[in-house]
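Report on the structure given below.
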Amino acid sequence: MLANFIYVRPKSLDEAFRYLSIQGSRVHAGGTDLLGCLRDHVFEASKVVSLSNIKSLREIKKGGQSGMRIGALTTLREVAGNSEVKKHYTALAQAASEVASPQLRNQGTLGGNLCQKPRCWYYRGDFHCLRKGGEECFAVAGENTFHCIFGGESCYIVHPSDTAPALGALAARIHIRGPKGQRSLALEDFHVPPSKDYRKETRLGPGEIVTEIELPPHVEGLRSSYRKVRARQSWDFALAGVALGLVFKGDQVQKARVFLSGVAPVPWRSREVEEVVTGKRLDEATVRKAAEAAVQRAKPLGQNAYKIPLLCGLIEEQLLAIARS
Ligand SMILES: Cc1cc2nc3c(=O)[nH]c(=O)nc-3n(C[C@H](O)[C@H](O)[C@H](O)COP(=O)(O)OP(=O)(O)OC[C@H]3O[C@@H](n4cnc5c(N)ncnc54)[C@H](O)[C@@H]3O)c2cc1C
175 MLANFIYVRP
185 KSLDEAFRYL
195 SIQGSRVHAG
205 GTDLLGCLRD
215 HVFEASKVVS
225 LSNIKSLREI
235 KKGGQSGMRI
245 GALTTLREVA
255 GNSEVKKHYT
265 ALAQAASEVA
275 SPQLRNQGTL
285 GGNLCQKPRC
295 WYYRGDFHCL
305 RKGGEECFAV
315 AGENTFHCIF
325 GGESCYIVHP
335 SDTAPALGAL
345 AARIHIRGPK
355 GQRSLALEDF
365 HVPPSKDYRK
375 ETRLGPGEIV
385 TEIELPPHVE
395 GLRSSYRKVR
405 ARQSWDFALA
415 GVALGLVFKG
425 DQVQKARVFL
435 SGVAPVPWRS
445 REVEEVVTGK
455 RLDEATVRKA
465 AEAAVQRAKP
475 LGQNAYKIPL
485 LCGLIEEQLL
495 AIARS
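Okay, structure coming up:
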């Protein structure tokens with residue numbers, strides 16, 4: 175059952191920051207993740223601050239020389255259906271259309287997708303795990319089928335977002351505003367790995383919110399894609415996923431950005447794959463080498479070694495598909 179809280183809908187960012195400066199306040203965007211967390215008592219909130227009345231957070235400022243800026247409150251359905259996103263930032267459109275179900279994409283926002291809490295059943299369940307202030311990560315000796323194979327260290331969650339790896343592959347920047355002003359971070363610097371702090375998922379400070387996601391201007395020769403593998407076709411989180419942002423000159427890869435989902439506590443940049451494919455034609459030997467390089471540093475737990483061949487196959491298929499597209 176949900177505990178009582180006060181619900182407010184400020185009309186401006188300044189008003190929102192005033193509410194968010196009160197201890198116990200939580201940002202509410204679409205609420206598809208937040209309300210589940212409150213219902214399951216993952217954390218509590220005395221005040222829920224809805225951003226839904228702040229119109230400026232829902233604008234999409236179109237392309238051109240300065241790239242594209244997508245307001246954090248833009249729904250996943252709007253992102254997936256936007257013609258400019260589909261044409262120039264294909265990986266993002268594909269990732270947004272792969273999130274959950276049509277109902278959740280209608281309600282869930284891009285900003286909320288980046289800031290959502292982990293789906294680990296110990297974290298979400300009735301367990302006082304490390305991330306919730308306890309002493310241990312129960313996944314290490316427990317049920318770890320869906321946990322990470324990279325970057326686990328103390329806590330073995332996987333980052334649940336589909337859009338974050340796509341935004342990483344597209345070199346997006348996250349714009350943040352708070353009581354102390356504004357700043358922006360590259361997508362790969364926005365999420366916090368357990369090695370830095372196992373209590374935090376993002377670098378947002380107290381009272382700060384994500385306002386916009388900025389995509390760089392479209393580059394000639396850029397092709398991008400996102401694909402995830404899940405246990406069920408209806409709606410499900412990624413068991414493994416791969417986002418590619420490759421700049422081709424002819425049939426050769428000039429630049430590569432590769433991010434993996436479903437396998438690490440943060441969107442996982444695979445510099446190993448990037449190194450293998452840069453300067454190469456994506457023939458079968460190269461893509462095999464890239465897939466092998468991707469999993470070299472994998473450290474599976476007791477029940478999730480299946481993610482290694484799954485990821486290898488996915489990377490090979492996606493690299494061959496993008497070369498042929
Ligand atoms: C059944 C189900 C299936 C799902 N499947 C998927 C899936 O396949 N892939 C996937 O990626 N996600 C999935 N999700 C997770 C979630 O619904 C989506 O990620 C959605 O995009 C969250 O957006 P929201 O606007 O509803 O966020 P909210 O629930 O409003 O917020 C989520 C969190 O982010 C914070 N927050 C929200 N917006 C901001 C902001 N602008 N600035 C700072 N903090 C903010 C909130 O305080 C909260 O902690 C699923 C959820 C459910 C319930």
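Heads up, the sequence shown is in the numbering used here, so the first residue is 175 and it goes up one at a time.
Quick reminder that beta carbons are idealized off the backbone N, C-alpha and C, glycines included.
Whose C-beta lies closer than 6 Å to the C-beta of residue i among residues of the same chain, with five residues either side of it excluded?
i    : result
G436 : V332, A412, L413, A414, G415
E327 : P368, S369
P474 : I323
A468 : S444, E446, V447, I489
A267 : A254, V259, K260
A315 : none
K235 : R243
K185 : N227
How would you write the range of the alpha helix (DSSP H) that residue i sits in, first residue to last?
i    : result
K481 : 481-498
G342 : 337-343
R192 : 187-194
Y330 : Segment: none, Y330 is in no alpha helix (DSSP H) and carries neither H nor E.
R298 : 295-298
What separation, rounded to the nearest whole angstrom, lies between the Cα atoms of residue i and residue j?
i    : j    : result
R351 : D188 : 10 Å
A495 : Q477 : 30 Å
K221 : T452 : 49 Å
P380 : E386 : 18 Å
K229 : Q470 : 46 Å
L484 : K291 : 25 Å
K423 : R431 : 15 Å
L284 : L208 : 14 Å
A338 : R347 : 11 Å
D214 : L176 : 8 Å
K429 : L231 : 32 Å
R200 : A219 : 6 Å
K374 : A417 : 24 Å
R498 : V421 : 14 Å
L456 : A270 : 26 Å
K454 : Y400 : 21 Å
C329 : V450 : 29 Å
Q197 : G205 : 19 Å
L247 : H349 : 13 Å
I482 : Q492 : 15 Å
Y193 : G286 : 18 Å
V223 : A203 : 8 Å
F191 : G299 : 31 Å
A459 : F433 : 21 Å
S245 : E252 : Sequence inspection shows Gly at residue 245; the Ser mentioned does not correspond to that position. Answer to the nearest angstrom: the Cα atoms are 11 Å apart.
A343 : H321 : 22 Å
Leaving out five residues on either side along the sequence, give the residues of the same chain with a beta carbon under 7 Å from the beta carbon of residue i.
i    : result
F312 : Y296, F301, C303
F306 : Rather than Phe, the amino acid found at residue 306 in this sequence is Lys. These residues qualify, in order along the chain: Y297.
P334 : Q290, P292, R293, F411
S240 : P391
T264 : S398, S399
A360 : R347
Locate the beta strand (DSSP E) running through residue i, then write down its first and last residues.
i    : result
R347 : 347-352
V182 : 180-182
Less than 8 Å between C-beta atoms, sequence neighbours within five positions excluded: which residues of the same chain meet that for residue i?
i    : result
R404 : D410, F411, A412, L413
F308 : In the sequence as presented, Phe is not what sits at residue 308; that position holds Gly. Excluding positions up to five away in sequence, the list reads F301, H302.
*At what residue ranges does the stretch 242-284 contain a whole run of the alpha helix (DSSP H), taking only runs of 4 or more?*
The stretch 242-284 contains these whole alpha helix (DSSP H) runs: 250-255, 257-262, 264-272, 276-281.
Contiguous beta strand (DSSP E) assignments of at least 3 residues, all confined to the stretch 356-405
383-389, 396-403
Q. Taking the runs of the alpha helix (DSSP H) that are 4 residues or longer, which of them lie wholly in the stretch 196-227?
A. 208-213
Could I get the ranges of all uninterrupted alpha helix (DSSP H) runs contained in the stretch 405-470, with 4 residues as the minimum, in chain order?
-> The qualifying runs are 445-451, 458-468.
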